[in-house]
Amino acid sequence: MELAWYALLGLFFASYFVLGGLDYGVGLLLARGGTPAARRDALTALGPFFLGNEVWLVAAVGILFGAFPTLEGELLSGYYPAVVGALAGVILVTAGVQLRSRPATAGARAGWDRVVVVGSLLAALGWGALLGGLLQGLPLTADGHVTGVGHLFTPFVAAAGLAMAALVALHGATFLTLRLPPAAGAATARLARRLVPVALAAVGTATVVGLLSDRVRAAAQQPVAAVLLPSALVAALLVARAALARRRPGWAFAATCAALALPVLLVGAARWPYALVSGTDPAAGLTVADAAASTPTLRLLGWLVLPLVPALLGFQAMCWWVFRGRIDGRAPVYW
Amino acid sequence: MDTLLLARLQFATTTSIHFLFVVVTLGLVTLLVGLQTAWFLTGNPKWERLTRFWGQLYVINYVLGIASGIVMEFQFGLNWSGLSRYVGNVFGAPLAIETLVAFFLESTFLGMWIFGWHRLRRGVHLALLCGVALTAYASAFWIMVANAWLQHPVGYQVRDGIAHLTDFSALLTNPTLGMAFGHVVAASLLTGGMLMAAVSAGHLLRRTPDFLLFRTSLRIGLVVSALSISLVQGFGFAQFGPVGQVQPAKFGGGPERDAQIAEWTAQFGPGDYTPPTLASVGLGFMILIGFGLGCLWLLLPLLWRDLIIRWRFPLWLLLLALPLPFGTVILGWLAREVGRQPWVAYGLLPTERAVSAVPAGVMLASLIGFSLLLGALAVTNWVLLARAAARGAADPALGRPPAPEADDTPRQPVLA
Ligand code: HDD
Ligand code: HEM
Ligand code: HEM
Chain A
8 MELAWYALLG LFFASYFVLG GLDYGVGLLL ARGGTPAARR DALTALGPFF
58 LGNEVWLVAA VGILFGAFPT LEGELLSGYY PAVVGALAGV ILVTAGVQLR
108 SRPATAGARA GWDRVVVVGS LLAALGWGAL LGGLLQGLPL TADGHVTGVG
158 HLFTPFVAAA GLAMAALVAL HGATFLTLRL PPAAGAATAR LARRLVPVAL
208 AAVGTATVVG LLSDRVRAAA QQPVAAVLLP SALVAALLVA RAALARRRPG
258 WAFAATCAAL ALPVLLVGAA RWPYALVSGT DPAAGLTVAD AAASTPTLRL
308 LGWLVLPLVP ALLGFQAMCW WVFRGRIDGR APVYW
Chain L
5 MDTLLLARLQ FATTTSIHFL FVVVTLGLVT LLVGLQTAWF LTGNPKWERL
55 TRFWGQLYVI NYVLGIASGI VMEFQFGLNW SGLSRYVGNV FGAPLAIETL
105 VAFFLESTFL GMWIFGWHRL RRGVHLALLC GVALTAYASA FWIMVANAWL
155 QHPVGYQVRD GIAHLTDFSA LLTNPTLGMA FGHVVAASLL TGGMLMAAVS
205 AGHLLRRTPD FLLFRTSLRI GLVVSALSIS LVQGFGFAQF GPVGQVQPAK
255 FGGGPERDAQ IAEWTAQFGP GDYTPPTLAS VGLGFMILIG FGLGCLWLLL
305 PLLWRDLIIR WRFPLWLLLL ALPLPFGTVI LGWLAREVGR QPWVAYGLLP
355 TERAVSAVPA GVMLASLIGF SLLLGALAVT NWVLLARAAA RGAADPALGR
405 PPAPEADDTP RQPVLA
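Top line first, the protein sequences correspond to chains A and L. Counted the way this note's numbering counts, the first sequence spans residues 8 to 342. Counted the way this note's numbering counts, the second sequence spans residues 5 to 420.
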């Protein structure tokens with residue numbers, strides 16, 4: 008039963024990185040400047056999906072709290088700076104995107120767009136650092152607590168943060184390639200093709216730094232997964248490049264979606280059966296089974312989740328279906 | 005300063021900000037359902053314009069509800085990891101249910117409602133708003149289930165120092181839940197109604213165009229707030245019964261309080277088990293303002309022949325009274341939450357055992373950072389709200405018809 012809940016938790020976090028990654032990717036790309044109309048088009052392309060994308064984070068943390076309470080407490084407080092950074096970013100993006108078009112002046116809108124850029128960067132760096140921190144383990148003491156935050160400041164965590172930022176930017180560009188009107192889409196396709204090597208370099212650097220780090224090597228419980236999944240990530244990026252070159256933006260987008268989901272799978276699989284790996288005292292690690300809520304709680308939530316998750320997915324799918332296709336002059340504009 | 009105090013301050017600041025926005029969300033969304041239903045049934049464009057204008061204000065307000073809500077959700081894990089460790093098996097369940105049953109659908113529906121004007125059929129569009137309203141009420145309900153459990157833990161059993169769920173239905177029949185939920189919902193309707201009345205009063209005072217539109221919303225807002233203040237008072241007094249029974253140490257003294265404190269001293273060792281007086285102060289002022297707002301009923305007869313508009317000074321009263329419900333909800337929460345001290349879960353988990361082992365410096369940085377961030381965003385949001393309200397109902401961005409433009413490029417399949 009714990010495995011099923013762990014998988015569900017992974018599914019929600021992976022969906023959040025894929026969908027929230029769109030928001031932050033589009034947000035990061037606002038940094039290119041461009042005309043006010045171009046920036047507005049980018050946000051219009053995102054428009055109807057934005058709220059539905061962000062809420063995956065809220066739901067993922069809800070599942071974390073309900074089904075893995077012990078993990079929730081130690082995870083969030085143990086990686087305090089990364090989580091706070093990501094959280095600040097999420098808030099800035101949430102407020103910036105939704106409020107940027109309320110003032111009428113171009114100057115105020117440009118200011119809000121900068122807020123969105125900073126927020127997107129913070130969110131991507133923060134979540135990347137959290138994933139990196141999970142892969143590197145943390146100093147859990149025998150009573151299961153983490154003290155201090157210094158353990159987070161390593162080259163690997165920094166590299167992981169940067170890799171996430173690069174992945175997210177590429178993801179945003181492939182999304183815009185799909186959604187913008189053909190002419191503007193072609194321009195973002197060129198940008199996306201230039202971003203693929205950047206993402207490859209960033210992911211490659213993080214992998215190499217990780218392989219060189221004793222802590223990361225020691226934290227990997229399943230070496231096969233720890234090697235295979237980064238390779239799959241690189242493969243996804245290569246697929247994206249090939250698809251962009253052949254003008255198949257749909258496939259390129261599917262590939263970058265995979266690239267954002269894979270890190271979650273990597274973090275879950277490489278450390279199995281642990282939910283938190285202790286770098287100081289291997290026996291102090293928190294296993295998934297120990298982290299889970301007790302059986303009555305899981306059973307109660309299970310009865311709820313079984314019928315609910317299909318409904319949740321159905322309504323999200325409805326949203327994507329209603330607003331599918333490229334935007335045009337008749338697309339609803341709000342932010 | 006120690007980590008515990010900083011964590012408490014941070015919780016108090018961020019929840020207060022959160023509540024100032026969700027109280028409007030809950031109230032306005034109810035009124036919006038009424039407005040859009042009237043449009044759907046009558047087809048009268050007046051109702052469409054009212055829906056767009058108030059909907060625009062609702063959506064702007066919503067932004068900070070989400071932003072501060074996300075901080076709230078993370079704060080449990082960031083600052084109160086002991087809460088999830090010792091009582092997470094029970095307390096986590098309603099929160100998980102809330103996110104899945106309420107927030108997930110609420111955000112999805114709201115996105116479709118905002119962008120669905122002129123694109124979805126009118127019935128579907130109205131159904132989406134009803135979905136937003138239902139899920140907003142569901143979220144208020146489940147968060148109150150969680151909060152009521154902290155006020156009066158039930159349906160659990162402690163094994164190895166950790167609480168395990170034994171009876172979920174006890175959480176739903178918690179004596180500290182029912183009347184409190186009614187009180188919160190009524191307070192939200194009161195706030196939403198007073199906001200609607202005050203903004204309309206502002207337009208009528210400035211004699212802006214759209215007299216008829218704002219006359220209608222003034223009447224709706226006033227009637228709704230008068231009805232809800234009575235509900236607020238009713239549910240409010242009804243809370244004293246259960247609170248006095250299960251939390252004898254909360255307000256005031258008496259033998260029950262002494263007995264309770266003697267029991268705790270025997271069980272947890274000597275300590276200060278009386279809550280800060282701030283709780284009773286909050287309670288007193290809330291009740292005072294609550295009685296004062298009862299005067300809303302006196303304004304109702306003035307709706308006859310629009311006396312309320314022609315005399316003008318009642319409009320000023322409505323405008324000036326607008327901060328009252330906002331201040332009062334904070335007072336009420338201070339009474340409820342500070343009165344629970346020194347417990348996170350009443351009589352079960354002391355507050356100091358729930359706080360995370362985070363260095364005080366880090367906690368201070370996070371307190372300052374989040375207070376400044378949310379505070380600045382809250383003020384900005386209110387400025388934008390006030391501007392949007394002052395701009396009037398001429399052409400809100402929400403629901404603006406798309407530019408007429410021929411669209412004959414065929415849609416391409418995505419995976420081609
Ligand atoms: C517009 C807002 C408003 C107004 C006018 C009132 N209240 Fe209130 N009150 C709240 C808004 C509120 C609140 C913010 O919504 C609280 C906080 C927690 C809760 O359940 O509701 C609250 C809490 C609260 C509590 C604390 C319950 C506890 O400690 O568990 C009591 C006893 C009352 N109220 C009683 C009253 C009475 C007797 C009122 C007037 C005659 C009154 N309230 C007016
Ligand atoms: C309904 C959901 C709520 C839950 C689950 C909740 C839970 C908590 C928790 C865990 C704490 C920290 C521990 C403690 O100090 O006891 C706290 C403190 C506090 N909360 Fe709430 N809270 C809720 C709503 C609110 C709201 C809406 C307000 C608005 C003003 C509020 C005001 C406070 C204050 C002032 C404190 C600090 C009390 C003190 O430490 O003296 N709470 N609450
Ligand atoms: C301290 C506990 C609380 C937590 C952890 C919390 C959490 C959240 C979160 C994460 C959101 C954003 C959801 C989204 O993305 O759509 C939110 C919004 C909301 N909250 Fe809270 N909340 C708390 C207290 C309260 C209280 C006391 C109420 C009312 C009684 C309330 C009512 C709402 C409503 C109605 C919304 C949706 C509307 C909006 O975003 O403005 N919350 N909350």
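Note that beta-carbon positions come from the ideal geometry of N, C-alpha and C, so glycine has one too. The structure presented is a predicted model; accordingly, all values stated were derived computationally and were not measured.
Using beta-carbon distances, L:R357 does not count as an interface residue toward chain A, since no partner is under 7 Å. Excluding the 5 residues flanking it on each side, L:A191 has same chain C-beta neighbours closer than 6 Å at V236 and V333, in chain order.
Taking C-beta separations shorter than 6 Å and ignoring five residues to either side along the sequence, the partners of L:W84 in its chain run A358, following chain order. Not one beta carbon of chain L lies nearer than 7 Å to the beta carbon of A:H178. Think of a sphere of 7 Å around the beta carbon of L:V158: no beta carbon from chain A falls inside it, the nearest being about 14 Å out.
When DSSP reads this structure, A:S285 sits in a beta bridge with A:L145. Contacts with chain L at 7 Å (Cβ-Cβ) do not include A:E9. Taking a 10 Å sphere around the C-beta of A:S127, we find 16 or more other C-beta atoms and assign the residue as buried. Between L:A339 and L:G286, the CB-CB gap stays under 7 Å.
Not one heavy atom of ligand 1 lies closer than 6 Å to the C-beta of L:I21.
Taking the CA atoms as reference points, L:T46 sits about 24 Å from L:L114.
Between L:L175 and L:G159, the C-beta spacing is below 7 Å.
In the three-state reduction of the DSSP assignment, A:V340 falls in the coil class. Taking C-beta atoms under 8 Å as the contact rule, L:T355 and L:V348 qualify, at a distance of about 5 Å. Look at L:P354 here: in three-state DSSP terms it is strand.
Bridge partners of L:R89 according to DSSP: none are assigned. Taking a C-beta distance under 7 Å as the contact criterion, A:L137 and A:Y86 qualify as a contact pair.
One Cα belongs to L:R261, the other to L:L371, and the distance between them is close to 34 Å. Within chain L, the residues S88, R89 and G92 have their CB atoms less than 7 Å from the CB of A:T77, given in chain order.
Under the 7 Å criterion on CB atoms, L:G165 is classed as non-interfacial with respect to chain A.
Here the alpha carbon of L:I74 sits roughly 8 Å from the alpha carbon of A:L94.
Membership of L:A167 in the beta strand (DSSP E) is indicated by the continuous run I166 to L169. Looking at the DSSP output, A:L293 sits in a beta bridge with A:L283. Residue burial annotation: A:F56 is buried, with at least 16 other C-beta atoms found within 10 angstroms of its C-beta. Scanning the stretch 223 to 280 of chain A from its first residue to its last, the whole alpha helix (DSSP H) runs of 4-plus residues come out as 230 to 252 and 256 to 278.
Put simply, the CB of A:T161 is far from chain L, with every gap to its CB atoms at 7 Å or more. The count of Cβ pairs closer than 8 Å, one atom from the stretch 62 to 70 of chain A and one from the stretch 97 to 108 of chain L, reaches three, so the stretches are in contact.
Taking 7 Å as the cut-off, the Cβ atoms of L:L99 and L:W117 do not count as close. Look at L:Q79 here: in three-state DSSP terms it is helix. Relative to the Cα of A:G17, the nearest Cα in the group A:C326, A:L272 and A:G73 belongs to A:L272.
Look at L:F295: its C-beta is not under 7 Å from any C-beta on chain A. Chain A has no Cβ within less than 7 Å of the Cβ of L:T332.
Cα atoms of A:L283 and L:Y90: separation of roughly 18 Å, rounded to the nearest angstrom.
Contiguous beta strand (DSSP E) elements confined to the stretch 119 to 173 of chain A do not occur, taking only those with 3 or more residues. Selection L:W301, L:G256, L:A283 and L:L322 evaluated against L:G206 yields L:L322 as nearest (Cα-Cα). Contact between A:V210 and A:L240 holds: their C-beta atoms lie close to 6 Å from each other, under 8 Å.
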